[in-house]
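Have a look at the structure below, then the notes.
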Amino acid sequence: MEVGLIGLGKMGTGIAKSLLRAGHRVTAFNRTRARAEALRADGATVAGSVAEACRDEAVLTMVADDAALEAVVAGEGGVLGSLRRGGIHVSLSTTSTALSDRLAAEHSKAGQEFVAAPVFGRPEAAEAAKLAVVVAGPATSVQRCKPLFEAMGPKLFVVGERSSMANVVKLSGNFLIATVLESLAETLAFARKSGVDPGLLLEFLTTTMFTAPVYKTYGELIVQGKHEPAGFALPLGLKDVRLVLQAAEAASVPMPIASVLRDRFVTAMARGNQDKDWSVIGRVAAEDAGLPPVKN
92 MEVGLIGLGK MGTGIAKSLL RAGHRVTAFN RTRARAEALR ADGATVAGSV
142 AEACRDEAVL TMVADDAALE AVVAGEGGVL GSLRRGGIHV SLSTTSTALS
192 DRLAAEHSKA GQEFVAAPVF GRPEAAEAAK LAVVVAGPAT SVQRCKPLFE
242 AMGPKLFVVG ERSSMANVVK LSGNFLIATV LESLAETLAF ARKSGVDPGL
292 LLEFLTTTMF TAPVYKTYGE LIVQGKHEPA GFALPLGLKD VRLVLQAAEA
342 ASVPMPIASV LRDRFVTAMA RGNQDKDWSV IGRVAAEDAG LPPVKN
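Following this note's numbering, the numbering of the sequence shown begins with 92 at its first residue and continues without gaps.
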């Protein structure tokens, strides 16, 4: 397919490379043009504006949050005003359910289609085409874009036709990852303070009762104190926990653990960890236990 891709952070760049390797023709745009220029060697065309990235049958957006997505969609030269009738806007970002529903309505009024397709996986998975993609939107549009999703990774979960359903799944997954981070942080701090080698404990747990990759990946980051470079930055984790609470409140669903996580992430932010991976809450738990930082 010929597609535009807006947003070339670590995830967007990895996705662009996977799409290009799969034979798709990608026109890339980023506010910092150098990031788009770096993809020329991989076969990408560089767009000078959002509008230029919207000339093909579909445009993908991979930006940080609701405000960033609204900024590239709205206004003169935005996605909404630049995409052709019948064109598809695919949002790969983790955004609020409310914004997803609103964008679906706005694109529909403009004779366009909107598909929410948030992804699970860190930057290395994006570049290796090993993401899991969660999709919701009009069935015909989802089918048209299926080759794009398949180029991003081996797992595709089509939830339904209301776009915000995909955002619910994504927020649910990120909430569960955040609970794993907190439970690992507390457990490993407890082990260290009690004289148990946290690395050996982690190896035991992840080869017996807790074999899911999320425990091993994040457990190792906490044990090693390796929170830079950030695969998923702490502020994004806080943003997602807030979005979970917002959507849950709208649905009249109490989520008390999410409130604890929000406060934990705010504490980590207050201690100057804005540039760290969200696994840095392992350091926060260690600090609260009076333990020194892990040297890596």
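C-beta atoms are modelled at their ideal positions from N, C-alpha and C, and glycine is treated no differently.
Would you mind reading off the limits of the beta strand (DSSP E) that contains Val249? Along the sequence shown, one-based indexing puts residue 249 at 158. Lys246 to Gly251 is the extent of the beta strand (DSSP E) around Val249.
Environment of Met153 [buried if 16+ CB atoms lie within 10 Å]: For the purposes of this step, residue 153 is identified with residue 62 of the sequence shown, where counting begins at 1. Met153 comes out buried.
Neighbourhood of Val141 by C-beta, 8 Å cutoff - its chain only, sequence neighbours within 5 removed: Stepping through the sequence shown from its first residue, residue 141 is reached at position 50. Here the set comprises Ile97, Phe120, Val163, Gly168, Gly169, Val170 and Ser173.
Would you give the residue range spanned by the alpha helix (DSSP H) that Arg353 belongs to? Indexing the sequence shown from 1 puts residue 353 at position 262. Arg353 -> alpha helix (DSSP H) spans Pro347 to Ala361.
Could you tell me the alpha carbon to alpha carbon distance between Ala339 and Ser350, rounded to whole angstroms? As a working note, residue 339 is residue 248 in the sequence shown. As a working note, residue 350 is residue 259 in the sequence shown. Spanning the two alpha carbons is a distance of roughly 11 Å.
At the level of alpha carbons, what is the spacing between Ala227 and Pro320? Taking the sequence shown and counting its residues from 1, one reaches residue 227 at position 136. Taking the sequence shown and counting its residues from 1, one reaches residue 320 at position 229. Cα to Cα, the separation comes out at about 32 Å.
Ordered along the chain, which non-local residues of its own chain (more than five positions away) have a Cβ less than 6 Å from that of Ala194? Mapped onto the sequence shown, residue 194 falls at position 103. The sequence shown places Leu at residue 194, not Ala. Counting only Cβ-Cβ distances below 6 Å, and skipping sequence neighbours, we find Phe205.
Taking a contact to mean a Cβ-Cβ separation below 8 Å, would you say Met346 touches Leu336 in this structure? For the purposes of this step, residue 346 is identified with residue 255 of the sequence shown, where counting begins at 1. For the purposes of this step, residue 336 is identified with residue 245 of the sequence shown, where counting begins at 1. It is a contact, given that the beta carbons lie within the stated cut-off.
Measure the Cβ-Cβ separation of Val314 and Gly290 and say whether it is below 8 Å. As a first step, residue 314 must be located in the sequence shown, where it is residue number 223. As a first step, residue 290 must be located in the sequence shown, where it is residue number 199. Contact flag set, yes.
Proximity below 8 Å, CB of Val210 to CB of Val224: Residue 210 sits at position 119 when you count from the first residue of the sequence shown. Residue 224 sits at position 133 when you count from the first residue of the sequence shown. The answer is yes: Cβ separation under 8 Å.
With distances taken Cα to Cα, identify the nearest neighbour of Ala282 among Ala377, Ala359, Pro384 and Tyr309. For the purposes of this step, residue 282 is identified with residue 191 of the sequence shown, where counting begins at 1. If we check each option's Cα against that of Ala282, Ala377 comes out closest.
Local Cβ density within 10 Å of Gly328, reported as buried at 16 or more and exposed below that: Within the sequence shown, residue 328 is the residue found at index 237, counting from 1. Per the 10 Å Cβ criterion, buried.
Give the straight-line distance between the Cα atoms of Gly177 and Glu93, rounded to the nearest whole angstrom. Within the sequence shown, numbered from 1, the residue matching residue 177 stands at position 86. Within the sequence shown, numbered from 1, the residue matching residue 93 stands at position 2. Distance between the alpha carbons of Gly177 and Glu93: 14 Å.
Considering Arg175, what are the terminal residues of the alpha helix (DSSP H) in which it resides? By 1-based counting over the sequence shown, the position of residue 175 is 84. Where Arg175 is concerned, there is no enclosing alpha helix (DSSP H), given that its DSSP letter is neither H nor E.
If contact is defined by three or more beta carbon pairs under 8 Å, each pair taking one atom from either stretch, is the stretch 263-277 in contact with the stretch 291-310? yes
What separation, rounded to the nearest whole angstrom, lies between the Cα atoms of Leu296 and Val305? Position 205 of the sequence shown, counted from the first residue, corresponds to residue 296. Position 214 of the sequence shown, counted from the first residue, corresponds to residue 305. Between Leu296 and Val305, the C-alpha separation is close to 12 Å.
When we look at the beta-carbon of Arg374 and count the other beta-carbons within 10 Å, is it buried (16 or more) or exposed? Locating residue 374 in the sequence shown gives position 283, where the first residue counts as 1. Counting Cβ neighbours within 10 Å, Arg374 comes out buried, since at least 16 surround it.
Out of curiosity, what's the CA-to-CA distance linking Glu148 and Ala135? Position 57 of the sequence shown, counted from the first residue, corresponds to residue 148. Position 44 of the sequence shown, counted from the first residue, corresponds to residue 135. Distance between the alpha carbons of Glu148 and Ala135 is about 16 Å.
Is it right to say Ala217 is buried, meaning 16 or more other beta carbons lie within 10 angstroms of its own, or is it exposed? As a position in the sequence shown, residue 217 is number 126, starting the count at 1. Looking at its Cβ environment, which holds 16 or more other Cβ atoms inside 10 Å, Ala217 is buried.
Backbone secondary structure at Ala227 - three-state DSSP: In the sequence shown, residue 227 corresponds to position 136, counting from 1. It is a strand residue.
Are the Cβ atoms of Leu160 and Thr186 separated by less than 8 Å? Position 69 of the sequence shown holds residue 160. Position 95 of the sequence shown holds residue 186. Result yes, Cβ atoms of Leu160 and Thr186 sit closer than 8 Å.
List the endpoints of the continuous beta strand (DSSP E) containing Ser182. In the sequence shown, counting from the first residue as 1, residue 182 sits at position 91. From DSSP, the beta strand (DSSP E) with Ser182 extends over Ile179 to Ser182.
Nearest neighbour of Ala207, chosen from Ala341, Ser184 and Glu215 [CA to CA]: Along the sequence shown, one-based indexing puts residue 207 at 116. Here the closest residue by C-alpha is Ser184.
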